[in-house]
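The listed protein sequences derive, respectively, from chains S and R. Here my numbering is used: the first residue of the first sequence is 40, the next is one more, and so on. Here my numbering is used: the first residue of the second sequence is 40, the next is one more, and so on. Everything below concerns the one structure shown next.
Number of protein chains: 2
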Amino acid sequence: MKRVKKKLFSDFIAQKGLKSTRQRDTILEFFLASDRHMSIEELYLKVRAKHPNIGYATVYRTLKLFAEAGLAREIQFGDGQTRYEHVNEGEHHDHLVCTRCGTIVEFENPVIEKLQDEVALSHGFLIETHKMELYGLCPKCRK
Amino acid sequence: MKRVKKKLFSDFIAQKGLKSTRQRDTILEFFLASDRHMSIEELYLKVRAKHPNIGYATVYRTLKLFAEAGLAREIQFGDGQTRYEHVNEGEHHDHLVCTRCGTIVEFENPVIEKLQDEVALSHGFLIETHKMELYGLCPKCRK
DNA sequence: TTGTTTATGAAAATCACTTTCACTGACTGG
DNA sequence: CCAGTCAGTGAAAGTGATTTTCATAAACAA
Numbered sequence: 040m041k042r043v044k045k046k047l048f049s050d051f052i053a054q055k056g057l058k059s060t061r062q063r064d065t066i067l068e069f070f071l072a073s074d075r076h077m078s079i080e081e082l083y084l085k086v087r088a089k090h091p092n093i094g095y096a097t098v099y100r101t102l103k104l105f106a107e108a109g110l111a112r113e114i115q116f117g118d119g120q121t122r123y124e125h126v127n128e129g130e131h132h133d134h135l136v137c138t139r140c141g142t143i144v145e146f147e148n149p150v151i152e153k154l155q156d157e158v159a160l161s162h163g164f165l166i167e168t169h170k171m172e173l174y175g176l177c178p179k180c181r182k
Numbered sequence: 040m041k042r043v044k045k046k047l048f049s050d051f052i053a054q055k056g057l058k059s060t061r062q063r064d065t066i067l068e069f070f071l072a073s074d075r076h077m078s079i080e081e082l083y084l085k086v087r088a089k090h091p092n093i094g095y096a097t098v099y100r101t102l103k104l105f106a107e108a109g110l111a112r113e114i115q116f117g118d119g120q121t122r123y124e125h126v127n128e129g130e131h132h133d134h135l136v137c138t139r140c141g142t143i144v145e146f147e148n149p150v151i152e153k154l155q156d157e158v159a160l161s162h163g164f165l166i167e168t169h170k171m172e173l174y175g176l177c178p179k180c181r182k
């Protein structure tokens, strides 16, 4: 899986006429090894722990690049932090977010997706993407 | 409808021991007369056109108050602007957002809501709220 | 290896709020 | 009705999270 993503990124870099740099490789490494929902800050801190010379701006710019390359996606959970999640070929999922502890659980539901398409169509919209988040208490926090 | 909302707000004000001011009345007036999805900036500009002496901070604080009073709700469409929409008694709806022109259409779908609850339950979550936005092209922009 | 062009890091600038603070203006008790 | 009290207001300063700038460094082509 990591191999595939790395290939995807180096192809993107090449095809765009960009340069392959040590920093980008490092950041990709850390991104691939990370949780599925990292804020820029979180990834930056992880990277900096091993590579104190890599700056925040570079992490920020590189994450944007990952999104452009199609191996990451920006998400907002309304807490004022932009997060990036991993994108896997043809996969889409939504989120359950615990309002107390911040735990994020992913889920997929084809039936809902289908209904979404129907709703959109009935309003004449052609859907490109969607976002669905359910906020509440996770099992632990319910106690 | 406006009468009801105004009553709601004045009751809230009274019950909280807050004060009724000319500014709050003015801002409520403009909010009630507005589109259903206004950013603070947009409402501020509309208000300022008629009342140049009302400041941004007051609009900002008053909108928060409307949310607390239950007649407005904060929404985020990921464009970095906080918007406020009107809240009507017992109503919940989701949004279709045009990625080209920004048009926002509201919709309700009880079947999806039910499925959301089921999904949440199957993960042990107790849902408080949810957010669902479908992004794509509106009928006009499809042409 | 050099030249050209993109990338990087540190710092400054933005953006969209949020808070502060000195001054106003609502309401309350007389 | 009138002063005192305390919440409300506006302008400006402060915040937090990016986002951009700019001088320097590092790729990669020739």
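We put the beta carbon where it would ideally sit given N, CA and C, even for glycine.
TODO: Throw me the rounded Cβ distance for the S:His134 and S:Glu172 pair, which I believe falls under 8 Å.
DONE: Working through the first sequence from its first residue, we reach residue 134 of chain S at position 95. Working through the first sequence from its first residue, we reach residue 172 of chain S at position 133. Their Cβ separation, rounded to whole angstroms, is 5 Å, which keeps S:His134 and S:Glu172 in contact under 8 Å.
TODO: Taking S:Tyr174 as the reference, give the member of R:Tyr174, R:Val158, R:Cys180 and R:Lys179 with the closest Cα.
DONE: Position 135 of the first sequence, counted from the start, is the residue given in the question as residue 174 of chain S. Among R:Tyr174, R:Val158, R:Cys180 and R:Lys179, the Cα nearest to that of S:Tyr174 belongs to R:Val158.
Open item on the list: Let's test the definition: count the other Cβ atoms within 10 Å of the Cβ of R:Lys41 and tell me whether it reaches 16, buried, or not, exposed.
Closed with: For the purposes of this step, residue 41 of chain R is taken as the residue at position 2 of the second sequence. R:Lys41 is exposed by the Cβ-count criterion.
Open item on the list: Just verifying my parser: in three-state terms, what is the DSSP assignment at R:Lys170?
Closed with: Within the second sequence, residue 170 of chain R is the residue found at index 131, counting from 1. Strand at R:Lys170.
Open item on the list: Going by DSSP, what residue range makes up the beta strand (DSSP E) through R:Ala96?
Closed with: Against the second sequence, residue 96 of chain R aligns to sequence position 57. Unbroken run through R:Ala96 is the alpha helix (DSSP H), Tyr95 to Ala108; no beta strand (DSSP E).
Task: Assigned secondary structure, R:Asp133 (DSSP; H/G/I helix, E/B strand, else coil) - done: Within the second sequence, residue 133 of chain R is the residue found at index 94, counting from 1. It is a strand residue.
Open item on the list: Here's the rule I'm using: 16 or more other beta-carbon atoms within 10 Å means buried, otherwise exposed. How should R:Val43 be labelled?
Closed with: Within the second sequence, numbered from 1, the residue matching residue 43 of chain R stands at position 4. Exposed, since its Cβ has fewer than 16 Cβ neighbours within 10 Å.
- [ ] Below 7 Å between beta carbons is the criterion; list the residues of the stretch 151 to 173 of chain R that meet it against any residue of chain S, in chain order.
- [x] Ile151, Leu154, Gln155, Val158, Ala159, His162, Gly163, Phe164, Leu165, Ile166, Glu167, Thr168, His169, Lys170, Met171, Glu172 and Leu173
- [ ] Below 7 Å CB to CB, which residues in the same chain sit around R:Thr121 once its five sequence neighbours on both sides are set aside?
- [x] Residue numbering aside, residue 121 of chain R sits at position 82 when the second sequence is read from its first letter. The answer, listed in chain order, is Ser78, Ile79, Glu113 and Gln115.
- [ ] Measure the C-alpha to C-alpha separation of S:Leu82 and S:Val98 and round it to an integer number of angstroms.
- [x] Taking the first residue of the first sequence as position 1, residue 82 of chain S is located at position 43. Taking the first residue of the first sequence as position 1, residue 98 of chain S is located at position 59. Going from the Cα of S:Leu82 to the Cα of S:Val98 covers about 8 Å.
Task: S:Ala111 versus S:Glu124 - alpha carbon distance - done: Counting from one through the first sequence, the residue named residue 111 of chain S turns up at place 72. Counting from one through the first sequence, the residue named residue 124 of chain S turns up at place 85. Computed Cα separation, rounded: 5 Å.
Open item on the list: Looking only at its chain, what residues have a beta carbon closer than 8 Å to the beta carbon of R:Ser49, apart from the 5 residues adjacent to it on each side?
Closed with: Here residue 49 of chain R is taken as the residue at index 10 of the second sequence, counted from 1. Contacts found: Ser59.
Task: Other residues of its chain near R:Thr142: CB distance less than 7 Å, five sequence neighbours each side excluded - done: Translated into the one-based positions of the second sequence, residue 142 of chain R becomes position 103. Cys177, listed in sequence order.
Open item on the list: Just to make sure I have the definition right: I need the residues of chain S whose C-beta is within less than 7 Å of the C-beta of R:Pro149. Which are they?
Closed with: Taking the first residue of the second sequence as position 1, residue 149 of chain R is located at position 110. Here the premise fails: no neighbours, minimum Cβ distance about 10 Å.
Task: Straight-line gap, R:Phe146 to S:Ala88 (C-alpha atoms, nearest Å) - done: The count along the second sequence starts at 1 and reaches residue 146 of chain R at position 107. The count along the first sequence starts at 1 and reaches residue 88 of chain S at position 49. When rounded, the distance between both Cα atoms is 47 Å.
Open item on the list: Cβ closer than 8 Å: which chain R residues qualify as neighbours of S:Leu176?
Closed with: On the first sequence, residue 176 of chain S is found 137 positions in, with the first residue counted as 1. Neighbours of S:Leu176 on chain R, chain order: Phe164, Leu165 and Glu167.
TODO: Please state if the CB of S:Phe51 and the CB of S:Ala108 are separated by a distance shorter than 7 Å.
DONE: Translated into the one-based positions of the first sequence, residue 108 of chain S becomes position 69. Translated into the one-based positions of the first sequence, residue 51 of chain S becomes position 12. Cβ atoms of S:Ala108 and S:Phe51: closer than 7 Å.
Task: CB contact below 7 Å: S:Arg181 versus chain R - done: Counting from 1 along the first sequence, the entry for residue 181 of chain S is found at position 142. By this cut-off, S:Arg181 is an interface position.
Open item on the list: Is there a Cβ of chain S sitting closer than 7 Å to that of R:Phe146, yes or no?
Closed with: Along the second sequence, read from residue 1 onward, the residue named residue 146 of chain R stands at position 107. By this cut-off, R:Phe146 is an interface position.
Task: Reduced DSSP secondary structure (H/G/I, E/B, other) of R:Glu128 - done: Indexing the second sequence from 1 puts residue 128 of chain R at position 89. In this structure, R:Glu128 counts as coil in the three-state DSSP scheme.
TODO: Could you confirm whether any beta carbon from chain S is found closer than 7 Å to the beta carbon of R:Gln115?
DONE: For the purposes of this step, residue 115 of chain R is identified with residue 76 of the second sequence, where counting begins at 1. Judged by the 7 Å Cβ criterion, R:Gln115 is in contact with chain S.
Open item on the list: DSSP three-state label for S:Leu57, please.
Closed with: Residue 57 of chain S sits at position 18 when you count from the first residue of the first sequence. Looking at S:Leu57 - three-state DSSP - the assignment turns out to be coil, as it is neither helix nor strand.
TODO: Return the bridge partner residues of S:Gly175 from the DSSP annotation.
DONE: As a position in the first sequence, residue 175 of chain S is number 136, starting the count at 1. In DSSP, S:Gly175 forms a bridge with S:Cys137 and R:Ile166.
- [ ] Going by DSSP, name the residue or residues bridged to R:Met77.
- [x] For this step, residue 77 of chain R is matched to residue 38 along the second sequence. DSSP, once it has assigned bridges, lists R:Tyr123 as partnering R:Met77.
Task: Per-residue DSSP class, three states only, for S:Ala111 - done: Indexing the first sequence from 1 puts residue 111 of chain S at position 72. Strand.
Task: Integer-rounded CB distance, given that S:Thr138 should sit under 8 Å from R:Glu152 - done: Here residue 152 of chain R is taken as the residue at index 113 of the second sequence, counted from 1. Here residue 138 of chain S is taken as the residue at index 99 of the first sequence, counted from 1. That pair is no contact at about 18 Å.
Open item on the list: Considering Cα atoms alone, identify which of R:Lys85, R:His90, R:Val144 and R:Thr65 is closest to S:Leu160.
Closed with: Counting from one through the first sequence, the residue named residue 160 of chain S turns up at place 121. Ranking R:Lys85, R:His90, R:Val144 and R:Thr65 by Cα distance to S:Leu160 puts R:Val144 first.
- [ ] Quick one: using the 10 Å Cβ neighbour count with 16 as the cut-off for buried, is R:Ile181 buried or exposed?
- [x] The sequence position of residue 181 of chain R within the second sequence is 142, counting from 1. Note that residue 181 of chain R is Arg in the sequence shown here, rather than Ile. R:Arg181 should be labelled exposed.
Task: Own chain residues within Cβ distance below 6 Å of R:Phe105, not counting five before or after - done: Translated into the one-based positions of the second sequence, residue 105 of chain R becomes position 66. Ala111.
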